[in-house]
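Participant: For reference, the structure I am asking about is given below.
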Amino acid sequence: MLRTPSGGAGSPGAAGAEGRLVSIGTVLNLLREEFPEVTISKIRFLEAEGLVEPQRTPSGYRKFSTEDVERLGCVLRMQRDHYLPLRVIKEHLEARARGEAPQLPAPAKPRDGALVAADGRIAGPPGAAGDAGDAARAGGAETGAFAPVPPPRLGREELLSATGVTEGDLAEWESYGLVTPHPDGGFDVDAVAVARLVADLGRFGLEPRHLRVMKAAADRQAGLVEQVVAPLRRHRNPQTRAHAEATTRELATLSVRLHAALVQAALHAGSH
């Protein structure tokens, strides 16, 4: 049960009791009792995706109404309990606003081999290596990294077939640490995505040695995410520990988006 700013018990919508608007920090505190993994960045992400539209003060601060907080609670619950993509959640809420009564699927766990995106989407399980690579690749800069649950394995020949590269190419990529097999010799869907992107960049004349700087930057970003998530994994609350992976995916999404934005900004600055 969430608490109102004045201390009374109520639903998430109680935040805007008596028509009072509340700040994003207050919304975060109200939601965290049921959703310990939620962050301010997550709320901003849902706003950017059109799931909630808070009012703005003249100075630009967000102010949330009762309906805004209730809507956020619904969105987070549908992600957590039903693993629905944000697009479907948005359509569901719009149908409810029109007075319709759309049905939600029964609560479910991700399927074996499914890929869970940062926005709660499930892609897979892939029927073929190419499907897995396309899913991971399409989710890259736009929706963030996919986390295998658990990761399917591809053999070496399957990876070569999926990417259309030679054994020599793959061996060179491995030598630079761009593609890394698991101890059993198999490759996960992340390796497929990386291999395809390395192959695409190669067609523009970028060789593996040129991509080492990207690998180093990715390793540093991953290390930074791990620093943030580590306290959640050590938390005494089992639910907080269980949601550490969701937080990892959200941070990965934001990191990828920031990286893309910085590259774009640098290119635009260089063209002036």
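Mapped onto the numbering used here, the consecutive letters of the sequence shown carry residue numbers 10 to 281.
Here a beta-carbon is modelled for each residue, glycine too, at the ideal position from N, C-alpha and C.
Mind pulling the alpha helix (DSSP H) runs of 4 or more residues that sit fully within the region 69-102?
Facilitator: Taking only runs of at least 4 residues, the alpha helix (DSSP H) segments lying wholly in the region 69-102 are 75-91.
Participant: Since Leu55 contacts Leu81 with CB under 8 Å, what's their CB separation in whole angstroms?
Facilitator: Stepping through the sequence shown from its first residue, residue 55 is reached at position 46. Stepping through the sequence shown from its first residue, residue 81 is reached at position 72. Contact flag correct, Cβ pair sits at about 7 Å.
Participant: Going by DSSP, what residues sit across from Gln64 in a beta bridge?
Facilitator: Stepping through the sequence shown from its first residue, residue 64 is reached at position 55. Partner(s): Lys72.
Participant: Is it buried or exposed for His277, if we count other Cβ within 10 angstroms and need 16 for buried?
Facilitator: Walking along the sequence shown from the start, residue 277 turns up at place 268. Looking at its Cβ environment, which holds fewer than 16 other Cβ atoms inside 10 Å, His277 is exposed.
Participant: Quick check on Asp197: buried or exposed, where buried means 16 or more other Cβ atoms within 10 Å of its Cβ?
Facilitator: Here residue 197 corresponds to residue number 188 of the sequence shown, with the count starting at 1. By the neighbour-count rule (16 or more Cβ atoms within 10 Å), Asp197 is buried.
Participant: Am I right that Asp193 and Arg162 are in contact with their C-beta atoms under 8 Å? What's the rounded C-beta distance?
Facilitator: In the sequence shown, residue 193 corresponds to position 184, counting from 1. In the sequence shown, residue 162 corresponds to position 153, counting from 1. Contact flag correct, Cβ pair sits at about 7 Å.
Participant: Using a Cβ-Cβ cut-off of 6 Å (strictly less than) and excluding sequence neighbours within five positions of Val174, which residues of its own chain qualify?
Facilitator: The residue you call residue 174 lines up with position 165 of the sequence shown. Result list for Val174: Ala208, in chain order.
Participant: In whole angstroms, what is the alpha-carbon distance linking Leu102 and Leu215?
Facilitator: One-based indexing of the sequence shown puts residue 102 at position 93. One-based indexing of the sequence shown puts residue 215 at position 206. Cα-Cα distance, rounded: 46 Å.
Participant: Would you mind sorting Asp128 into buried or exposed? The rule is 16 or more other CB atoms within 10 Å of its CB.
Facilitator: Along the sequence shown, one-based indexing puts residue 128 at 119. The predicted position of Asp128 is uncertain, since its pLDDT is 38 and thus under 50; a value taken from the coordinates is nonetheless stated next. Buried is the call here.
Participant: Check whether the Cβ atoms of Ile52 and Leu37 lie closer than 8 Å to each other.
Facilitator: The residue given as residue 52 occupies position 43 in the sequence shown. The residue given as residue 37 occupies position 28 in the sequence shown. It is a contact, given that the beta carbons lie within the stated cut-off.
Participant: If we ignore side chains and look at the alpha-carbon of each, how far apart do Arg86 and Gly108 end up?
Facilitator: Locating residue 86 in the sequence shown gives position 77, counting from the first residue. Locating residue 108 in the sequence shown gives position 99, counting from the first residue. Those two C-alpha atoms are separated by around 20 Å.
Participant: Helix, strand or coil for Phe44, going by three-state DSSP, please let me know.
Facilitator: Here the question's residue 44 lines up with position 35 in the sequence shown. Here Phe44 sits in coil by DSSP.
Participant: Hey, which unbroken runs of the alpha helix (DSSP H) at 4 residues or more fall wholly within the region 197-228?
Facilitator: Runs of the alpha helix (DSSP H) inside the region 197-228: 198-211.
Participant: Check whether the Cβ of Leu55 lies closer than 8 Å to any Cβ atom in chain C.
Facilitator: You won't find chain C in this structure, because it holds only one protein chain.
Participant: Excluding five sequence neighbours on each side, which residues of the same chain lie with their C-beta closer than 7 Å to the C-beta of Val234?
Facilitator: Within the sequence shown, numbered from 1, the residue matching residue 234 stands at position 225. For Val234, where only same-chain residues beyond five positions count, the Cβ hits under 7 Å are Thr257, Leu260, Ala261 and Ser264.
Participant: Val188 by DSSP, collapsed to three states: which one?
Facilitator: Residue 188 sits at position 179 when you count from the first residue of the sequence shown. In this structure, Val188 counts as coil in the three-state DSSP scheme.
Participant: Name the residue from Tyr70, Pro45, Asp77 and Ser68 whose alpha carbon lies nearest to the alpha carbon of Leu60.
Facilitator: Taking the sequence shown and counting its residues from 1, one reaches residue 60 at position 51. Considering only alpha carbons, the answer is Asp77.
Participant: Which of the three DSSP states, helix, strand or coil, is assigned to Ala154?
Facilitator: Mapped onto the sequence shown, residue 154 falls at position 145. Below a pLDDT of 50, predicted positions are generally treated as unreliable, and Ala154, at 38, falls in that range; the measurement from the model is reported next regardless. It is coil, neither helix nor strand.
Participant: Nearest by alpha-carbon distance to Leu210: which of Asp178, Gln230, Arg229 and Asp228 is it?
Facilitator: Position 201 of the sequence shown holds residue 210. When only C-alpha atoms are compared, the closest one is Asp178.
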